[in-house]
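Counting along the sequence shown from 1, when you hit position 313 you're at 313 in the UniProt record's numbering, and nothing is skipped either side.
Backbone N, C-alpha and C define an ideal beta-carbon position, used for all residues, glycine too.
Here's the structure we're looking at; comments come further down.
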Amino acid sequence: MSLNTTEGPSPTVEGPPTPPANTNPATAVEGIPAAADETAETVSVEATISIDPLEEDTDTDSAFGEDNASTTSSIASSIRRYRNLHGRTYHNFNTESSSEYCDFADQFPSAEVIGVDISPTQPTFTAPNVKFELDDVQLEWTYQPNSFDYIHVRCMLGAIQDWAHLYREIYKCTKPGGYIEHLEISIMFKSEDGTVTEDHFMAQWSKILLGAAEKIGKTFAIYDFNREMITQAGFVDVVEKKYKVPVGTWPRDPKMKELGQWNLLFCLEGLESWSLYLLSMILKWSYEEIQVHIATMRNHLLNRRNHAYYDMYILPL
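Right, dumping it as structure tokens:
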């Protein structure tokens with residue numbers, strides 16, 4: 001989660017997404033009631049993704065073959081001993097890459113940028129206006145009310161028990177005239193041409209993880225309700241933007257092809273970490289069963305005949 005405060009006007013991030021031009025900043029803070037004409041709509045940004053016929057020639061994609069930051073106070077060495085299961089480390093709060101904080105700080109050098117995570121995994125070399133803090137955002141926030149011009153939340157699916165509480169804390173700490181931006185992805189793989197249907201292995205993989213997350217009360221399907229909860233917290237002029245994110249190099253458009261290539265790498269590298277805890281600890285699968293399941297999913301991800309994508313939801317306000 002990224003928190004930002006400036007001395008001047010609220011910053012805006014270049015390129016999509018940007019806050020709606022008709023946002024009324026005076027109604028987006030604690031103590032000021034929401035407007036009666038508040039809006040909450042979904043905007044589909046991407047049209048149908050065209051398929052590159054050259055990608056049909058082969059079945060698999062051949063394109064793919066630490067610092068610990070200081071905080072505002074000393075931390076015990078035990079904090080750095082992360083939870084380890086099956087050779088992997090786990091923490092309860094998923095945040096965006098620390099490079100996002102640094103990019104934001106470079107773009108707005110007059111701003112103070114605070115990155116919050118539950119584990120000290122951030123780099124030591126950062127811009128002078130960036131600092132990282134260790135905290136659990138599920139608890140009551142210790143920041144003063146009306147502290148931040150901009151609060152960014154990204155990819156926290158499966159990390160939060162009480163989303164309504166989190167949005168209330170965000171609302172409380174947002175300055176008059178400030179805004180928030182929340183980005184989440186759907187883990188449900190699908191296609192537009194029938195190559196990935198609801199009974200396809202890739203879709204079944206998604207449904208299994210969705211069900212496991214529901215068992216522990218930390219849903220992956222945040223996009224089903226977060227817009228409503230943001231509105232209930234007091235924010236207005238909420239517009240949800242939905243993007244199609246391809247998986248693989250099958251799109252015809254060069255920009256979408258490159259996006260799909262990077263996203264395929266993201267999925268391949270994250271596949272085991274997404275699956276292992278839920279399948280072993282919640283669904284009680286054996287390690288061998290999980291590895292077979294992951295290997296099968298990896299093969300489907302690499303199969304160029306599967307024109308898979310998933311949706312990404314962004315709520316700028």
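Between the alpha carbons of residue i and residue j, how many angstroms are there, rounded?
i, j, result
"residue 319", "H307", "Coverage of the chain is limited to positions 1 through 317, which leaves residue 319 absent and any answer about it impossible."
"L276", "G177", "42 Å"
"A212", "E289", "16 Å"
"A47", "P53", "18 Å"
"S70", "F104", "Below a pLDDT of 50, predicted positions are generally treated as unreliable, and S70, at 41, falls in that range; the measurement from the model is reported next regardless. Going by the C-alpha atoms only, they are around 20 Å apart."
"C102", "R154", "15 Å"
"S280", "F201", "19 Å"
"K257", "K241", "21 Å"
"P254", "Y223", "28 Å"
"D199", "H300", "13 Å"
"H293", "L209", "12 Å"
"Y310", "I282", "24 Å"
"A203", "N303", "14 Å"
"S73", "W285", "Note that S73 scores 45 on pLDDT, short of 50, meaning its location in the model is unreliable; the coordinates nonetheless yield the value given after this. If you take the alpha carbons of S73 and W285, they lie about 41 Å apart."
"R88", "I160", "In this prediction, R88 scores a pLDDT of 45, lower than 50, which makes its location untrustworthy; the coordinate-derived value is nonetheless stated afterwards. So the two alpha carbons sit approximately 21 Å from each other."
"R227", "Y179", "14 Å"
"R298", "G260", "15 Å"
"T197", "E169", "39 Å"
"F108", "Q232", "31 Å"
"A26", "W141", "At A26 the pLDDT is 32, less than 50, meaning the model places this residue with poor confidence and gives no usable figure here."
"P316", "S147", "19 Å"
"T124", "D193", "46 Å"
"Q291", "Y143", "43 Å"
"E272", "P120", "22 Å"
Report the residue from the options whose alpha carbon sits nearest the alpha carbon of residue i.
i, options, result
"P145", "T174, D199, K131", "T174"
"H165", "P109, L209, G234", "G234"
"G248", "K241, E240, S191, N263", "N263"
"V236", "A159, K242, E181, H300", "E181"
"Y171", "Y150, C155, L157, I185", "Y150"
"D106", "T126, A159, Q138, L271", "T126"
"M156", "M229, V137, F148, S147", "V137"
"Y243", "H152, I314, Q291, D135", "I314"
"T296", "W141, L268, T142", "L268"
"W163", "P254, Y143, G217, Y179", "G217"
"W250", "S273, T195, Q291", "T195"
"I49", "S191, Q261, I282", "S191"
"E184", "K215, E214, H152", "H152"
"F266", "D193, I187, E214", "I187"
"E214", "L278, P120, Q291", "L278"
Mind reading off the beta-carbon distance from residue i to residue j? Whole number of angstroms is fine, and I expect it under 8 Å.
i, j, result
"N158", "F220", "Position check: residue 158 holds Gly in this sequence, whereas Asn was assumed. G158 to F220, Cβ: 5 Å. Contact."
"Y167", "M229", "5 Å"
"S206", "F225", "At roughly 18 Å, the Cβ-Cβ gap does not stay under 8 Å, so S206 and F225 are not in contact."
"I51", "R252", "6 Å"
"L134", "I118", "7 Å"
"V239", "M312", "Wrong, their Cβ atoms sit about 15 Å apart, outside the cutoff."
So is residue i in contact with chain C if we call contact Cβ pairs under 7 Å?
i, result
"R154", "You won't find chain C in this structure, because it holds only one protein chain."
| Which parts of the stretch 144 to 202 are runs of the beta strand (DSSP E), unbroken and 3 residues or longer, counting only runs that do not cross its ends? | 148 to 154, 174 to 185
| task | Take every Cβ of the stretch 101 to 115, pair it with every Cβ of the stretch 123 to 140, and state whether three or more of those distances are shorter than 8 Å. | result | yes
| In chain order, each alpha helix (DSSP H) run of at least 4 residues that lies wholly inside the stretch 201 to 285 | 201 to 215, 226 to 233, 254 to 277
| task | Entirely within the stretch 106 to 143 and at least 3 residues each: give me those beta strand (DSSP E) ranges in chain order. | result | 112 to 117, 130 to 134
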